[in-house]
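Enquirer: Sharing a structure with you now.
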Amino acid sequence: MKLSPLQIERYKYQPKLPAMLRNGINEISVKEGKETTSVADQEKIKALFPNTYGKKEIVFEKGVNTSVNKKQIVGVILSGGQAPGGHNVICGLYDALKATNKENELYGFKGGPSGLIEDDYVVFDDEFINAYRNTGGFDIIGSGRTKLESEEQFAVVAEVCKKHGITAVVIIGGDDSNTNAAVLAEYFASHNTGVQVIGCPKTIDGDLKNEDIECSFGFDTATKTYAELIGNIERDANSAKKYWHFIKVMGRSASHVALECALKTQPNICLVSEEVKERKMSLSQIANYIADSVEYRANHGMNFGVAIIPEGVVEFVPEFSTLIHEINELLAGSKADAFNALPSWADKYAFIEKGLTSESMSVFALLPQGIQQQLFLERDPHGNVQVSLIESEKLFSALVKDVLVERKKNGTYKGKFSALHHFFGYEGRCAFPSNFDADYCYSLGYNAFMLIQYGYNGYLSKISNLSKPAEEWVAGGMPITKMMNIERRHGEDKPVIRKALVELDGKPFKYFEAHREEWSKETCYLYPGAIQYYGPREVCDITTITLLLEQE
Ligand code: FBP
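For the sequence shown, this note's numbering gives the first residue as -3, with consecutive numbering after it.
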């Protein structure tokens, strides 16, 4: 197989572990802390997790390894969307497992959680693992979005584990996957299977974080990749001085990715979905807000700019969510067939006009025709509008254009507005992990094995103090139940890890808020450039501005 020069070099990179994991397996001891309680709904969570609730938080430290040396056979799965560093979690897990006992084995279940149900696996060896060290992607075993959540599935997984003598399962995933990891851990404990479950926090969206988990892996590399591209576009905009660039960035729901990219590149505009919701902003308020920047800059000779739009923003616009809800109702069940049978868009439009409330119809009428059609044509298997497919970068540029046409008529705006559109998502999910993610992920995997070795079940691998150099990181584990509360999901009360949205009183947003007016008027662009893997620490190893601000 032909390899790129960077890939060859990255194979040689030795990820950095926290100091307490560096002295060799025989010198890793465990220190137990206080018993834990869940962040909310303690009695309910305790009742749902009688065997795994309330366990102690732990940290590792230098000392004599007192774990029982039995043969371990560990299964690992990757769950959900790709995130840079996933391969290194598996490499760290493998290295710790083999360093502890050469007889230990690591099974990789293929294609995500479904691999565990279908018993589709590979057994890793050195050659296999070495080909994936410090590389991006999840192609080592693939990933998937099947949810492991029912008793029937758990029973099948228990059988698969029994068949191979598996002693522990490591689930690398986001908030939902780790919620399910906790439920599986409880199932295994209550059925005396002896199988342990350990989770690892993954997602480029950055929304799996809380007082214990400082950040999910992949967020650092993905935002660095997008910020490089946004910075390049800013420089192009500032060179050509003739385009407004509307750039949508991934983040299914939370705006952490958009906010971090804004902190790194200082664009003219960055929408933050959580603020849109808090301030109950309408589409036209948002369009006017962006148009104010376009107008000011045009009046000062700058007919160019850059606006970052978070992927999930439209769902946070109250009037837009109402519209989506009404459309879902309008086409529920067999009504969709009647709609689809209508011959032309004009007929369909008349059908829509009859079915929507006048408030929603006026929102619908504002939308460009392409977006209107998207709302009705691209629907998921349950018939619901697929909000994530809405091209919100095009939506907002079209709405801004309409506002500017009006302002031109009034004589307040005299500039030229020419918009270009971009969507940065998949570009960042499989990049070579930054040094931070390579180190963090390797540590998460290595640490996950130490949790297994010391017999913990239902824990999340926890590495903290992440804004400091890796040697100062702290390795340990936290019971997943500590992060849970009860939320209403699909009409039922469920124990879940709370998704972390951008906090409007948090330091990252506050910093952005304090500077955005200046950024919207002046050209304050920052050009972060490409991720650097070799060179001074302050260029290569520093993590996100979000984390630095949160921990300053
Ligand atoms: P995870 O939450 O599973 O990590 O995935 C996040 C994400 O990358 C979002 O940013 C994006 O909206 C979504 O996945 C895309 O999903 P898909 O890979 O199914 O297209």
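Every residue gets a Cβ at the ideal spot worked out from N, C-alpha and C, and that includes glycine. Remember, it's a predicted structure, so these values are computed and weren't measured experimentally.
What residue range does the alpha helix (DSSP H) around residue 536 cover?
Expert: Element bounds for residue 536: 533 to 536.
Enquirer: Kindly identify the DSSP beta-bridge partner or partners of residue 192.
Expert: Bridge partners of residue 192: 164.
Enquirer: For residue 525, which residues in the same chain have their Cβ closer than 8 Å to its Cβ, ignoring the five residues on either side in sequence?
Expert: Closer than 8 Å at Cβ, skipping near neighbours: 224, 227.
Enquirer: Opposite residue 472 in the DSSP bridges: which residues?
Expert: In DSSP, residue 472 forms a bridge with 55, 458.
Enquirer: Where does residue 140 fall in DSSP's three states?
Expert: If DSSP states are grouped into helix, strand and coil, residue 140 belongs with the strands.
Enquirer: List the DSSP bridge partners of residue 25.
Expert: Partner(s): 57.
Enquirer: Measuring only the C-alpha atoms, how far is residue 144 from residue 508?
Expert: So the alpha carbons of these two residues sit roughly 38 Å apart.
Enquirer: For residue 93, list the residues DSSP reports as bridge partners.
Expert: Bridge partners of residue 93: none, in fact.
Enquirer: Please work out which residues of its chain come closer than 8 Å, Cβ to Cβ, to residue 415, disregarding the five sequence neighbours upstream and downstream, and give them in chain order.
Expert: Hits under 8 Å: 239, 240, 241, 242, 393, 396, 397.
Enquirer: State the DSSP-derived secondary structure class of residue 511, mapped to helix, strand or coil.
Expert: Looking at residue 511 - three-state DSSP - the assignment turns out to be helix.
Enquirer: Please confirm whether any heavy atom of the ligand FBP lies closer than 7 Å to the CB of residue 384.
Expert: Yes; taking the cut-off as 7 Å, the Cβ of residue 384 has a heavy atom of the ligand FBP nearer than that.
Enquirer: When you measure from the CB of residue 219 to every non-hydrogen atom of the ligand GTP, does any distance come out below 7 Å?
Expert: By its list of ligands, the structure shown excludes the ligand GTP, since it contains just the ligand FBP.
Enquirer: From the DSSP output, read off the bridge partner residues of residue 72.
Expert: BP columns for residue 72 point to 104, 166.
Enquirer: If you reduce the DSSP assignment to three classes, tell me which class residue 232 lands in.
Expert: Three-state DSSP puts residue 232 in a helix.
Enquirer: Can you tell me whether residue 387 sits near the ligand FBP, meaning its C-beta is under 7 Å from at least one heavy atom of the ligand?
Expert: No; taking the cut-off as 7 Å, the Cβ of residue 387 has no heavy atom of the ligand FBP nearer than that.
Enquirer: Just verifying my parser: in three-state terms, what is the DSSP assignment at residue 526?
Expert: In the structure shown, residue 526 sits in coil (DSSP, three-state: anything other than H, G, I, E or B).
Enquirer: With residue 409 and residue 518 assumed to form a contact (beta carbons below 8 Å), what rounded beta-carbon distance in angstroms separates them?
Expert: Not confirmed; about 18 Å, so no contact.
Enquirer: I believe residue 88 touches residue 440 by the beta-carbon criterion, under 8 Å. Please report the beta-carbon distance rounded to the nearest angstrom.
Expert: Confirmed, about 7 Å.
Enquirer: Determine the DSSP secondary structure at residue 373, reduced to helix, strand or coil.
Expert: Helix at residue 373.
Enquirer: Mapping the DSSP letters down to three states, classify residue 544 as helix, strand or coil.
Expert: Residue state, collapsed to three classes: helix.
Enquirer: Rounded to whole angstroms, what is the Cα-Cα separation between residue 10 and residue 445?
Expert: Rounded to whole angstroms, residue 10 to residue 445 spans 18 Å at the Cα level.
Enquirer: Do you know whose CA, among 437, 25, 364, 429, lies nearest residue 195's CA?
Expert: Here the closest residue by C-alpha is 437.
Enquirer: Which two residues bound the contiguous alpha helix (DSSP H) that contains residue 326?
Expert: Start and end: 314 to 326.
Enquirer: To the nearest whole angstrom, what separates the beta carbons of residue 430 and residue 527, a pair I think is in contact under 8 Å?
Expert: Yes, they are in contact, since the Cβ atoms of residue 430 and residue 527 sit about 5 Å apart, within 8 Å.
Enquirer: Would you list the one or two residues that DSSP bridges to residue 124?
Expert: Note: residue 124 sits in no beta bridge, so no partner.
Enquirer: Tell me the residue span of the beta strand (DSSP E) that contains residue 415.
Expert: From DSSP, the beta strand (DSSP E) with residue 415 extends over 415 to 420.
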